[in-house]
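A.B. asks: Our numbering numbers the first residue of the sequence shown as 1 and each following residue consecutively.
Please see the structure below; I have some questions.
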Amino acid sequence: MAADRSVPRLENRAQMSPSMLFVVMLAAVIVAAAAVVVLRARRRAARTQAPSSRPADPFADIGETEGDPLRLKAGDMLDFGAERTWIRGSLRLSEGGAVWAEHFLEVEGERRWLSVEQDPDLQMALWTGRPDLELTPHGREVELEGVRYRLSERGSASYRSEGTTGLRAEGGMDYADYEAADGSLLSFERFDHGRWEPCTGTPVGRAAFTVYPSGS
1 MAADRSVPRL ENRAQMSPSM LFVVMLAAVI VAAAAVVVLR ARRRAARTQA
51 PSSRPADPFA DIGETEGDPL RLKAGDMLDF GAERTWIRGS LRLSEGGAVW
101 AEHFLEVEGE RRWLSVEQDP DLQMALWTGR PDLELTPHGR EVELEGVRYR
151 LSERGSASYR SEGTTGLRAE GGMDYADYEA ADGSLLSFER FDHGRWEPCT
201 GTPVGRAAFT VYPSGS
C-alpha cells in the first residue's frame with residue numbers, strides 16, 4: 001500500500017506550473033542574449049587589436065626618402081635602386097636667409113650632384129654638368145636641344161666647402177636657374193668670378209633614394 005501512495009507524489013513533482021515554465025524560458029532567453037553580446041564584443045576587440053599585433057614589414061615602401069636629406073654629408077652613401085654611389089664632397093650655400101646644399105657624387109666620367117633645399121617644402125634635384133655646352137645665362141629664355149627654358153631665379157650666394165669639391169674652403173658664387181614647361185631644369189653656376197658652368201637637372205622625389213649615413 002505504501003508503494004501505491006508514492007506514485008502520485010512523483011507525478012506531482014514532475015509537473016510544472018505555467019508561471020514557473022515562463023520564468024525558465026525567460027531565463028534561457030536572457031542567457032542566450034548575453035552570450036550573443038559577449039561573442040560580438042570579443043569579435044570587435046579581436047578586429048581592433050589585429051592591426052597593432054601584426055609585425056611591421058621592415059622592407060615596406062614608406063613612400064618617402066629613408067634618412068634625412070637635409071643632413072647629408074661627405075661620406076654618406078645614396079642608393080637609387082639601380083645605382084649606388086657616395087657623396088665625396090658638399091657645398092653649403094647661403095643667400096640672405098635662404099640656405100641649400102649641393103652634394104657631389106662619386107661618379108666616373110661625369111660631374112653629378114644632388115641639390116637639397118627647404119623652401120618651404122623639401123626640393124631636390126639631380127644635376128649633371130654639361131661642359132660641352134657653349135651657353136651663358138644672358139637672356140630670360142634659353143633653348144637647348146629643342147626645349148625652351150625660362151628664367152626662374154638668379155642671384156649670388158656664399159659657399160662653404162666640405163670634403164672633395166674642387167673649390168676653396170669658402171667663397172662666393174653666382175647662379176641662374178631656368179625651368180622648362182615639362183619640369184626639366186637648366187642652371188648656370190659661376191664660382192669665385194670664374195666662367196659660367198651649365199648643367200641640366202631633373203627633380204627628385206622623396207622616395208627616389210635611400211640614405212646610408214657614414215660612421216663619421
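Think of the CB as a built atom: it goes at the ideal place given N, C-alpha and C, for glycine as much as any other residue.
Can you say whether Met124 is buried or exposed, counting buried as having 16 or more other CB atoms within 10 angstroms of its CB?
C.D. replies: Met124 should be labelled buried.
A.B. asks: Around the C-beta of Met25, are 16 or more other C-beta atoms found within 10 angstroms, so that it is buried, or is it exposed?
C.D. replies: Flag for Met25 reads exposed.
A.B. asks: Using the rule of at least 16 other Cβ atoms within 10 Å of the residue's Cβ for burial, across every protein chain shown, is Gly201 buried or exposed?
C.D. replies: Label assigned to Gly201: buried.
A.B. asks: Between Arg112, Val99 and Trp100, which has its C-alpha nearest Arg88's C-alpha?
C.D. replies: Checking every option, the nearest Cα to that of Arg88 belongs to Arg112.
A.B. asks: At a cut-off of 7 angstroms, is Arg84 close to the ligand MG when judged by its beta-carbon and the heavy atoms of the ligand?
C.D. replies: Because no ligand of any kind appears in the structure shown, any question about the ligand MG cannot be addressed here.
A.B. asks: How far does the beta strand (DSSP E) with His103 in it extend, from its first residue to its last?
C.D. replies: First-last of the beta strand (DSSP E) with His103: Ala98 to Leu105.
A.B. asks: Can you tell me whether Tyr212 is buried or exposed, with buried defined as 16 or more other CB within 10 angstroms of its CB?
C.D. replies: So Tyr212 ends up on the exposed side.
A.B. asks: Mapping DSSP to helix, strand and coil, what is Leu70?
C.D. replies: Leu70: helix per DSSP, three-state reduction.
A.B. asks: Whose C-beta lies closer than 8 angstroms to the C-beta of Ser156 among residues of the same chain, with five residues either side of it excluded?
C.D. replies: Result list for Ser156: Glu95, Gly172, Met173, Asp174 and Tyr175, in chain order.
A.B. asks: With H, G and I counted as helix, E and B as strand and the rest as coil, what does DSSP make of Gly215?
C.D. replies: If DSSP states are grouped into helix, strand and coil, Gly215 belongs with coil.
A.B. asks: What number of angstroms, rounded off, separates the C-alpha of Leu122 from the C-alpha of Ala101?
C.D. replies: Cα-Cα distance, rounded: 12 angstroms.
A.B. asks: Note down, in chain order, each residue of its chain lying with its Cβ closer than 8 angstroms to the Cβ of Arg71, except the 5 sequence neighbours on either side.
C.D. replies: Pro213.
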